[in-house]
Amino acid sequence: AGWALIMRSYVMANAKKLIEADRQGYDQLWQTLSGTEEAMQQLEHLKMTVRKIKTAHAPRQYNRTSCSNHPTPASTTRSLIKSFARSGRSFGPEDVPNPLRPQRSELWKFRWNSASNLTLVESQTKDDDTDVDFDSPVQSLDQLFAQAAGMEPILLHKVQRWALWSAGCFPVAVGTKKIYTQWREAIEDIETLKKVKWPSIKKPGRAIEKLLRSYKGDISQLTDLCRQSIVFDDIPQLTHCLELIRDDPEVLVLRVKNRLDPTYNSRLSAGYRDVAMNLRIINEETRSIGVETHVCEMQLLLRSFAQNKSDQGHKLYVQFRNARAE
288 AGWALIMRSY VMANAKKLIE ADRQGYDQLW QTLSGTEEAM QQLEHLKMTV
338 RKIKTAHAPR QYNRTSCSNH PTPASTTRSL IKSFARSGRS FGPEDVPNPL
388 RPQRSELWKF RWNSASNLTL VESQTKDDDT DVDFDSPVQS LDQLFAQAAG
438 MEPILLHKVQ RWALWSAGCF PVAVGTKKIY TQWREAIEDI ETLKKVKWPS
488 IKKPGRAIEK LLRSYKGDIS QLTDLCRQSI VFDDIPQLTH CLELIRDDPE
538 VLVLRVKNRL DPTYNSRLSA GYRDVAMNLR IINEETRSIG VETHVCEMQL
588 LLRSFAQNKS DQGHKLYVQF RNARAE
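Quick note, this note's numbering runs 287 ahead of the 1-based positions in the sequence shown.
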């Protein structure tokens, strides 16, 4: 046991060395970001906004109650699971049959007009959680991937709206580089739209890796198969987006991790900082395909931190994560 502890300490020390340069870079960004009184006031406002968010149940994947009054399209779920089992690949939006998948014209039909108000009609709002069986956590990875595939285009639609209202940005591929363009500008140019890089559903290999390393095989704790992120130029924009999510009548926030809190120990994330949350989308569309209980992940980050990421840095972080068995 003593030898194992010594080896573990050695591995952990080497893991920290792998990401030391990136950690120092992130720490320098943070010092610059938080170095003024105005910035500290903005961070404090963000902190208070997070505190005011009333989170619901623990971020965990649960099944519906057997007495749910909402229809569950079992045939759709079964076909998605069979597709996954045959191909061995992760689900994507293309696996969700129409009319369940929002069309591109629907996702991009909203245009920014500074001279007029943007009015959107929301579908039926969420109600209580009587449809969630808290005694029945999801135990099938196939089921979870099927739900994530159904939820992905719905979450994307939401994310595009939030970004439009809060001056949010998304990564756009320009040659071999990646730049961050405001969504309100991107939707005006079809060529730019084609180059936006959207996050994909977590790959099965990484999901199983995380399941075994971090959750002791508890599938219900995988809450980031379906995920999206928005990038912002400053703290007020990020805070505004957080408020939009909080006030969205179709969104139930389950957890918020504010890594932009000045008291946060950034060594826990190798210097990296953002605001991450778990949420559910509850409306007629998610109910109709049986994914209103599915938990997603949403990340809000600043442009300076997003730009500091690199492919090589990510590879080092993966090595760091692997060394820590995370």
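Glycine included, C-beta positions come from ideal geometry on N, C-alpha and C.
Problem set entry | Contacting residues, own chain, Cβ-Cβ under 7 Å from residue 445 (five flanking each side not counted) | Locating residue 445 in the sequence shown gives position 158, where the first residue counts as 1. Answer for residue 445: 568, listed in chain order.
Exercise. Between the segment 565-581 and the segment 494-504, do at least 3 Cβ pairs fall closer than 8 Å?
Worked result: Contact fails: fewer than three Cβ-Cβ distances are below 8 Å.
Exercise. At what residue ranges does the segment 467-551 contain a whole run of the alpha helix (DSSP H), taking only runs of 4 or more?
Worked result: Uninterrupted alpha helix (DSSP H) stretches at least 4 residues long and entirely within the segment 467-551 occur at 470-473, 477-481, 491-501, 522-534, given in chain order.
Problem set entry | Whole-number beta carbon distance between residue 336 and residue 537, since they are thought to touch under 8 Å | Within the sequence shown, the letter at position 250 stands for residue 537. Within the sequence shown, the letter at position 49 stands for residue 336. With a contact defined as Cβ atoms closer than 8 Å, residue 537 and residue 336 miss out at about 19 Å.
Exercise. So, is residue 558 buried or exposed, given that buried needs 16 or more other C-beta atoms within 10 angstroms?
Worked result: Indexing the sequence shown from 1 puts residue 558 at position 271. Burial state of residue 558 is buried, judged by a 10 Å Cβ sphere holding 16 or more other Cβ atoms.
Problem set entry | Distance between beta carbons of residue 312 and residue 595, contact taken as under 8 Å | Here residue 595 corresponds to residue number 308 of the sequence shown, with the count starting at 1. Here residue 312 corresponds to residue number 25 of the sequence shown, with the count starting at 1. That pair is a contact at about 6 Å.
For this session: Would you decide whether residue 472 is buried or exposed? Buried here means 16 or more other CB atoms lie within 10 Å of its CB.
Result: For the purposes of this step, residue 472 is taken as the residue at position 185 of the sequence shown. Classification of residue 472: exposed, given that the 10 Å Cβ count is below 16.
Exercise. Going along the chain, which residues of its own chain have a beta-carbon closer than 8 Å to the beta-carbon of residue 546, five neighbours each way excluded?
Worked result: Working through the sequence shown from its first residue, we reach residue 546 at position 259. Excluding the 5 residues flanking it on each side, residue 546 has same chain C-beta neighbours closer than 8 Å at 553, 556, 559, 560, 561, 562, 563, in chain order.
For this session: Can you grab the Cα-Cα spacing for the pair residue 443 / residue 307, in whole Å?
Result: As a position in the sequence shown, residue 443 is number 156, starting the count at 1. As a position in the sequence shown, residue 307 is number 20, starting the count at 1. Rounded to the nearest angstrom, the two C-alpha atoms are 34 Å apart.
Problem set entry | N-terminal and C-terminal residue of the alpha helix (DSSP H) that residue 595 is part of | The sequence position of residue 595 within the sequence shown is 308, counting from 1. Start and end: 590-595.
Problem set entry | Beta-carbon gap between residue 316 and residue 519 smaller than 8 Å | Looking up residue 316 in the sequence shown gives position 29. Looking up residue 519 in the sequence shown gives position 232. Residue 519 sits away from residue 316, with the two beta carbons spaced by 8 Å or more.
Exercise. Going by beta carbon distance, what residues of the same chain come within less than 8 Å of residue 528, once the five residues before and after it are set aside?
Worked result: The residue labelled residue 528 in the question sits at position 241 within the sequence shown. The residues are 449, 450, 452, 453, 455, 517, 519, 587.
For this session: Would you mind stating whether residue 344 and residue 541 have Cβ atoms separated by less than 8 Å?
Result: In the sequence shown, counting from the first residue as 1, residue 344 sits at position 57. In the sequence shown, counting from the first residue as 1, residue 541 sits at position 254. Going by C-beta atoms, residue 344 is nearer than 8 Å to residue 541.
For this session: Just mark residue 493 as buried or exposed, buried being the case when its beta carbon has 16 or more other beta carbons within 10 Å.
Result: Taking the sequence shown and counting its residues from 1, one reaches residue 493 at position 206. Exposed, by the Cβ-count rule.
Exercise. Is it right to say residue 332 is buried, meaning 16 or more other beta carbons lie within 10 angstroms of its own, or is it exposed?
Worked result: Residue mapping note: residue 332 aligns to position 45 of the sequence shown, counting from 1. So residue 332 counts as exposed.
Problem set entry | Which of helix, strand or coil DSSP assigns to residue 579 | Residue mapping note: residue 579 aligns to position 292 of the sequence shown, counting from 1. In the structure shown, residue 579 sits in coil (DSSP, three-state: anything other than H, G, I, E or B).
Exercise. For residue 350, which option in 463, 503, 590, 577 has the closest C-alpha, if you only look at C-alpha atoms?
Worked result: Here residue 350 is taken as the residue at index 63 of the sequence shown, counted from 1. If we check each option's Cα against that of residue 350, 577 comes out closest.
Problem set entry | Extent of the continuous beta strand (DSSP E) run through residue 459 | As a working note, residue 459 is residue 172 in the sequence shown. Counting along the chain, the beta strand (DSSP E) containing residue 459 begins and ends at 456-461.
Exercise. Any idea if residue 671 is buried or exposed, counting beta-carbon neighbours within 10 angstroms, 16 or more meaning buried?
Worked result: Since the first and last residues shown for the chain are 288 and 613, residue 671 lies out of range.
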